[in-house]
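Novice: Sharing a structure with you now.
There are 2 protein chains.
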Amino acid sequence: MTTSAPVAIVLLSGGLDSATCLAIARAEGYACEALSFAYGQRHDAELAAAARVAAALGATGHRVMRIDLAAFGGSALTDPAIAVPEAPTTGIPVTYVPARNTVFLACALALAEVRGANDIFIGVNAVDYSGYPDCRPEYIAAFEGMARLATRAAVEGPGGGLRIRAPLIAASKAEIVRRGHALGVDYSLTVSCYQASPEGVACGRCDACRLRAAGFAAAGLPDPTRYR
Amino acid sequence: MTTSAPVAIVLLSGGLDSATCLAIARAEGYACEALSFAYGQRHDAELAAAARVAAALGATGHRVMRIDLAAFGGSALTDPAIAVPEAPTTGIPVTYVPARNTVFLACALALAEVRGANDIFIGVNAVDYSGYPDCRPEYIAAFEGMARLATRAAVEGPGGGLRIRAPLIAASKAEIVRRGHALGVDYSLTVSCYQASPEGVACGRCDACRLRAAGFAAAGLPDPTRYR
Numbered sequence: 273m274t275t276s277a278p279v280a281i282v283l284l285s286g287g288l289d290s291a292t293c294l295a296i297a298r299a300e301g302y303a304c305e306a307l308s309f310a311y312g313q314r315h316d317a318e319l320a321a322a323a324r325v326a327a328a329l330g331a332t333g334h335r336v337m338r339i340d341l342a343a344f345g346g347s348a349l350t351d352p353a354i355a356v357p358e359a360p361t362t363g364i365p366v367t368y369v370p371a372r373n374t375v376f377l378a379c380a381l382a383l384a385e386v387r388g389a390n391d392i393f394i395g396v397n398a399v400d401y402s403g404y405p406d407c408r409p410e411y412i413a414a415f416e417g418m419a420r421l422a423t424r425a426a427v428e429g430p431g432g433g434l435r436i437r438a439p440l441i442a443a444s445k446a447e448i449v450r451r452g453h454a455l456g457v458d459y460s461l462t463v464s465c466y467q468a469s470p471e472g473v474a475c476g477r478c479d480a481c482r483l484r485a486a487g488f489a490a491a492g493l494p495d496p497t498r499y500r
Numbered sequence: 273m274t275t276s277a278p279v280a281i282v283l284l285s286g287g288l289d290s291a292t293c294l295a296i297a298r299a300e301g302y303a304c305e306a307l308s309f310a311y312g313q314r315h316d317a318e319l320a321a322a323a324r325v326a327a328a329l330g331a332t333g334h335r336v337m338r339i340d341l342a343a344f345g346g347s348a349l350t351d352p353a354i355a356v357p358e359a360p361t362t363g364i365p366v367t368y369v370p371a372r373n374t375v376f377l378a379c380a381l382a383l384a385e386v387r388g389a390n391d392i393f394i395g396v397n398a399v400d401y402s403g404y405p406d407c408r409p410e411y412i413a414a415f416e417g418m419a420r421l422a423t424r425a426a427v428e429g430p431g432g433g434l435r436i437r438a439p440l441i442a443a444s445k446a447e448i449v450r451r452g453h454a455l456g457v458d459y460s461l462t463v464s465c466y467q468a469s470p471e472g473v474a475c476g477r478c479d480a481c482r483l484r485a486a487g488f489a490a491a492g493l494p495d496p497t498r499y500r
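Sequences listed follow chains Y and P, in order.
The numbering of the first sequence is my numbering, which starts it at 273 and goes up by one.
The numbering of the second sequence is my numbering, which starts it at 273 and goes up by one.
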């Protein structure tokens, strides 16, 4: 990687999808600045995972922004009074955090503008998480359109170059696991569980655990997750 | 105001425009939840002003979110190493904070979703601040389009109802002052200065001070600003 590599901002939760997304951005030759959020989620294990993943995959930096979305409530991921479901549900799951991806992408846009980055990577996936409104392709396209009008480049030019990259949006979990495996992602570093222990040990029962385990099984690859 | 009044989220900086915007939303009959940000700006005088304005105009609540945009740098408003200009400049001023309105509106969207609010008010103004990309009508329209795809309502319905209200976007500063005056806004409570003292005393020389003073003069109304 030379110093002239283009810069990308990569949203990194510490889970399987965003780790794969970072590996894809690195493989495309970007100097990647990873961005994570302490937003009031139930556990910090995913932030520790994000730091491990950023280092392992050679991010140029890893920044954790603190935004108290928990103060707003309205999600099982930020409100201890709402239980994380341990069986499949219909409709949008209670683990949906209102406007979370919009807040995260907005912050990534601010960092991208300061760093002169044209590319923001986000590991959203519309197949497994079809219940989340802000994981859908039409949402990502609309955010990109807005972002192209939002910054200094929109007025001073060249403008229009900003891209929201969601390379996993149409992939199955098995495809994601296979792709990351081929790129050398060490999934033992990642934490997907919605209610992991502080050490990152997974419950094995929540939506995120079930999708992840099914993904490894369907990909025919060993699942390095530590379950309790 | 009955308890059945529709809820609006109103972005409130503590300055003249957002105070007027809150007064307009109140006059339209909304129960207004005011939202301010401690984002690393140079002074807290505007947050104290926002609290005074929210109380004076009968907001149902006033919330201050802490988001460290200063960590990103890139603006005279968040980086003490970049001086606030005291004479007119060309192009986008260095007081522009990268993607600030996108971050603020994203957080307002999260709160709106939790509160069941369809309306988000923002006091942007394209006339005086034509240099800021995120104060332009096309930007606001694009954010609204994105927001209508971003939340639970976009999937579960009714959806499409979310509105970004920017009632001052095409107004001159004099028109804003006249409108607020007619609605009973006490502008002595507001702070516009980019480099106000902790007590809210204005410099009288920065862009924000000059635009504000010219607005009162053009409106033919007394300027209650405290200058040092």
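For every residue, glycine included, the Cβ atom is placed at its ideal position computed from N, Cα and C.
Note that the coordinates shown come from a computational prediction; the quantities given were computed from them, not determined experimentally.
My understanding is that residue 331 of chain Y touches residue 304 of chain Y, with C-beta atoms under 8 Å, so please give their C-beta distance in whole angstroms.
Specialist: The pair is a contact, with the Cβ atoms about 5 Å apart (cut-off 8 Å).
Novice: Run down chain P in chain order and give the residues with a C-beta less than 8 Å from the C-beta of residue 385 of chain Y.
Specialist: Within 8 Å Cβ-Cβ: 346, 370, 371.
Novice: Contact between the stretch 476-486 of chain Y and the stretch 318-332 of chain Y is defined here as three or more beta-carbon pairs at a separation below 8 Å; is this criterion met?
Specialist: Because the criterion of three Cβ pairs below 8 Å is not met, the stretch 476-486 of chain Y and the stretch 318-332 of chain Y do not touch.
Novice: Give the DSSP bridge partners of residue 391 of chain P, in chain order.
Specialist: Note: residue 391 of chain P sits in a beta bridge opposite P:280, P:435.
Novice: For residue 424 of chain P, go through chain Y and note every residue whose CB falls closer than 8 Å to its CB, in chain order.
Specialist: Near residue 424 of chain P (Cβ distances below 8 Å), the residues of chain Y are 364, 368, 370, 405.
Novice: Near residue 452 of chain Y, which residues of its chain fall below 6 Å by C-beta distance, leaving aside the five closest residues on each side in sequence?
Specialist: The residues are 292, 295.
Novice: When DSSP labels each residue in this structure, what does residue 317 of chain P get in the three-state scheme?
Specialist: Residue state, collapsed to three classes: helix.
Novice: If you draw a straight line from the alpha carbon of residue 390 of chain Y to that of residue 389 of chain P, how long is it in whole angstroms?
Specialist: Going by the C-alpha atoms only, they are around 33 Å apart.
Novice: Would DSSP call residue 465 of chain P helix, strand or coil?
Specialist: It is coil, neither helix nor strand.
Novice: Tell me, please, whether the CB atom of residue 350 of chain Y is closer than 8 Å to any CB atom in chain P?
Specialist: Answer no: the Cβ-Cβ gap between residue 350 of chain Y and chain P never drops below 8 Å.
Novice: Buried or exposed: which applies to residue 492 of chain Y, given that a residue is buried once 16 or more other Cβ atoms fall within 10 Å of its Cβ?
Specialist: Exposed.
Novice: May I ask you to list, following chain order, the residues of the stretch 326-347 of chain P that have a beta carbon less than 9 Å from some beta carbon of chain Y?
Specialist: Of all residues in the stretch 326-347 of chain P, 335, 337, 338, 339, 340, 341, 343, 344, 345, 346, 347 have a Cβ within less than 9 Å of some Cβ in chain Y.
Novice: Measuring alpha carbon to alpha carbon, tell me which of Y:482, Y:486, Y:488, Y:473 ends up nearest residue 500 of chain Y.
Specialist: Nearest option by C-alpha distance: Y:473.
Novice: DSSP state of residue 474 of chain Y, grouped into three classes?
Specialist: It is a strand residue.
Novice: Kindly say whether residue 280 of chain P, judged by its beta-carbon, lies nearer than 8 Å to any beta-carbon of chain Y.
Specialist: It does not; no Cβ of chain Y falls within 8 Å.
Novice: Taking the Cβ atom as the reference point for each residue, do residue 446 of chain Y and residue 395 of chain Y lie within a distance shorter than 8 Å?
Specialist: No.
Novice: If you follow the alpha helix (DSSP H) that residue 488 of chain P is in, where does it begin and where does it stop?
Specialist: Residues 479-491.
Novice: For residue 382 of chain Y, which residues in chain P fall below 9 Å Cβ to Cβ?
Specialist: The contacting residues are 341, 344, 346, 369, 370, 371, 372, 374, 375.
Novice: Whole angstroms is fine: what's the gap from residue 374 of chain P's alpha carbon to residue 415 of chain P's?
Specialist: Residue 374 of chain P and residue 415 of chain P: Cα-Cα distance of roughly 8 Å.
Novice: Compute the Euclidean distance between the alpha carbons of residue 366 of chain P and residue 353 of chain P, then round it to the nearest angstrom.
Specialist: In a straight line, the C-alpha of residue 366 of chain P is about 12 Å away from that of residue 353 of chain P.
Novice: Output, in chain order, the set of chain Y residues within a Cβ distance shorter than 9 Å of residue 411 of chain P.
Specialist: Those are 418, 421, 422, 426, listed as they occur along chain Y.
Novice: Assuming residue 287 of chain Y and residue 462 of chain Y are in contact, meaning their beta carbons sit under 8 Å apart, how far apart are those beta carbons, in whole angstroms?
Specialist: The Cβ separation is near 6 Å, so the contact holds.
Novice: Three or more C-beta pairs under 8 Å: does that hold for the stretch 306-321 of chain Y against the stretch 463-470 of chain Y?
Specialist: Yes, they touch.
Novice: Return helix, strand or coil for residue 273 of chain Y, following the three-state DSSP convention.
Specialist: Confidence in residue 273 of chain Y is poor, its pLDDT being 47 and thus under 50, which makes the residue's placement too unreliable to answer from.
Novice: Where does residue 405 of chain Y land, buried or exposed, given buried means 16+ other C-beta within 10 angstroms?
Specialist: Residue 405 of chain Y comes out buried.
Novice: Shorter than 8 Å from the beta carbon of residue 304 of chain P to some beta carbon of chain Y?
Specialist: Not closer than 8 Å to any Cβ of chain Y, the Cβ of residue 304 of chain P fails to qualify, so no.
Novice: Name the chain P residues whose beta carbon is nearer than 7 Å to that of residue 378 of chain Y?
Specialist: Within chain P, the residues near residue 378 of chain Y are 371, 374, 375, 378.
Novice: Mapping the DSSP letters down to three states, classify residue 288 of chain Y as helix, strand or coil.
Specialist: In this structure, residue 288 of chain Y counts as helix in the three-state DSSP scheme.
Novice: Is the CB of residue 309 of chain P under 8 Å away from at least one CB in chain Y?
Specialist: It does not: the Cβ of residue 309 of chain P has no partner Cβ on chain Y nearer than 8 Å.
Novice: In angstroms with no decimal places, state the Cα-to-Cα distance between residue 386 of chain P and residue 410 of chain Y.
Specialist: Residue 386 of chain P and residue 410 of chain Y: Cα-Cα distance of roughly 22 Å.
Novice: Which of the three DSSP states is assigned to residue 372 of chain P in this structure?
Specialist: Residue 372 of chain P falls in the helix class under three-state DSSP.
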